[in-house]
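This report refers to the structure that appears directly beneath it.
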DNA sequence: CGGGACTCCTGCCAGC
DNA sequence: TGCTGGCAGGAGTCCC
């Protein structure tokens, strides 16, 4: 599921549930997800109050009292379910939901259960177990193995044409692959890379370095960055709706569907005004790429 | 080092 | 209906 907008939506949904509440208990139902849980995982979390939730790329960072940070990556299928039987969370709004009758924490893919103050339970489920959790000292986050080589946040001040030019300069790898590389820009995944390249009119197949001249980035790099930001911001705005459906405790499919210009639209007409092209699907580095060969150059 | 292939795991869906 | 193959939004590792 989650690329940056989905992770940000999850963070926003969890923050009012977790922030200020103490973790009373943690149960890990198995020794690992994608990776083994760190030593003393549950005991180090137990009893600590949650200070705040932040996000870096596709990681949720749960800051705890005492300078400890719980790092969570949702992988492909990780999700949190909030069980709030007594309605302890104020203002349960669109981002939240209460457990439907009968919903529990005992499914085969319910791997971690956090019990918070207020009889709240937070269930982490992950069928494919590509997600993972780790612990780090807040002071060491920047140098933590997951973050030390990571590129700038696309929605922050750290991303500019000049910074991106430095990273793409001379690179022969396809532009699509370069944008998926978290060391270049942090948080993009397969869907939003496809969408951003379409919006910027750039072919996923061209060499990443071809965007950069000796004198600096071509103007289209600015267009690409703008496209990335608009697409991510739109997706975050829509995220409440997608998450509500995605996370619905009753499993019912909602009516909201995020609309993509190219992703998942193989053989359908390109949606760019005045473009007569057809969306194609190719495979790059083992992943599907959707693009329009007529208007993406 | 850059770049590509492969891998982990399970669920779902199209096609036969 | 039941099986099979392909595919899935991530990212670390390994090899050339």
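Numbering (the numbering used here), first residue to last: 80 to 376.
Don't be surprised by glycine CBs; every beta carbon is placed ideally from N, CA and C.
Requested in this report: Classify residue 270 as helix, strand or coil using the three-state DSSP reduction.
Outcome: Mapped onto the first chain, residue 270 falls at position 191. Residue 270: helix per DSSP, three-state reduction.
Query raised in the report: In whole angstroms, what is the alpha-carbon distance linking residue 142 and residue 104?
Result: The residue given as residue 142 occupies position 63 in the first chain. The residue given as residue 104 occupies position 25 in the first chain. About 16 Å.
Query - Residue span of the alpha helix (DSSP H) that contains residue 141, given as start and end - result: Taking the first residue of the first chain as 1, we reach residue 141 at position 62. Where residue 141 is concerned, there is no enclosing alpha helix (DSSP H), although the beta strand (DSSP E) it sits in stretches over 138-143.
Requested in this report: May I ask you to verify whether the region 244-259 touches the region 287-299, counting CB pairs closer than 8 Å and requiring at least 3?
Outcome: yes
Query raised in the report: Are the beta-carbon atoms of residue 303 and residue 279 separated by less than 8 Å?
Result: Stepping through the first chain from its first residue, residue 303 is reached at position 224. Stepping through the first chain from its first residue, residue 279 is reached at position 200. For residue 303 and residue 279, yes; Cβs fall inside 8 Å.
Query raised in the report: Between the C-alpha atoms of residue 361 and residue 251, what's the straight-line distance to the nearest angstrom?
Result: In the first chain, residue 361 corresponds to position 282, counting from 1. In the first chain, residue 251 corresponds to position 172, counting from 1. When rounded, the distance between both Cα atoms is 18 Å.
Requested in this report: Taking only runs that begin and end inside the region 211-277, name each unbroken beta strand (DSSP E) of 3 or more residues, in chain order.
Outcome: 211-216
Query raised in the report: On the three-pair Cβ rule with 8 Å, is the region 204-216 touching the region 102-116?
Result: As far as the Cβ criterion goes, the region 204-216 touches the region 102-116, which means the pair count is three or higher.
Requested in this report: Leaving aside the five residues before and after residue 350 along the sequence, list all residues of the same chain whose C-beta is less than 6 Å from its C-beta, in chain order.
Outcome: Against the first chain, residue 350 aligns to sequence position 271. Cβ within range, chain order: 340.
Report task. Compare the beta carbon distance of residue 162 and residue 212 with 8 Å and say whether it is the shorter of the two. Result -> Position 83 of the first chain, counted from the first residue, corresponds to residue 162. Position 133 of the first chain, counted from the first residue, corresponds to residue 212. Contact: no.
Report task. Please state whether DSSP places residue 294 in a helix, a strand or coil. Result -> Counting from 1 along the first chain, the entry for residue 294 is found at position 215. In this structure, residue 294 counts as coil in the three-state DSSP scheme.
Query - Distance, residue 239 Cα to residue 99 Cα - result: The count along the first chain starts at 1 and reaches residue 99 at position 20. The count along the first chain starts at 1 and reaches residue 239 at position 160. Each residue's alpha carbon lies about 35 Å from the other.
Query raised in the report: For residue 348, which residues does DSSP report across the bridge?
Result: Looking up residue 348 in the first chain gives position 269. According to DSSP, which records beta bridges pairwise, residue 348 is partnered with 357.
Report task. Could you check the C-alpha separation between residue 344 and residue 274 for me, to the nearest Å? Result -> Numbered from its first residue, the first chain carries residue 344 at position 265. Numbered from its first residue, the first chain carries residue 274 at position 195. Approximately 11 Å between the Cα atoms of the pair.
Report task. Please report the residue range of the alpha helix (DSSP H) in which residue 96 lies. Result -> By 1-based counting over the first chain, the position of residue 96 is 17. Per DSSP, residue 96 belongs to the alpha helix (DSSP H) from 83-97.
Query raised in the report: Which of the three DSSP states, helix, strand or coil, is assigned to residue 333?
Result: Reading the first chain from its first residue, position 254 is the one you call residue 333. Residue placement at residue 333 is poorly supported in this model, since its pLDDT is 38, which falls under 50; the coordinates are not used for a value here.
Query raised in the report: Relative to the alpha-carbon of residue 189, which residue among 155, 223 and 106 has its alpha-carbon at the smallest distance?
Result: Locating residue 189 in the first chain gives position 110, counting from the first residue. Nearest option by C-alpha distance: 106.
Query - residue 317 versus residue 83: straight-line alpha-carbon distance, rounded - result: Your numbering for residue 317 matches position 238 in the first chain. Your numbering for residue 83 matches position 4 in the first chain. In this structure, the straight-line span from the alpha carbon of residue 317 to that of residue 83 is close to 13 Å.
**Report entry** Cβ pair residue 134, residue 87 closer than 8 Å
**Finding:** As a working mapping, residue 134 is identified with position 55 in the first chain. As a working mapping, residue 87 is identified with position 8 in the first chain. Yes, they are a contact pair.
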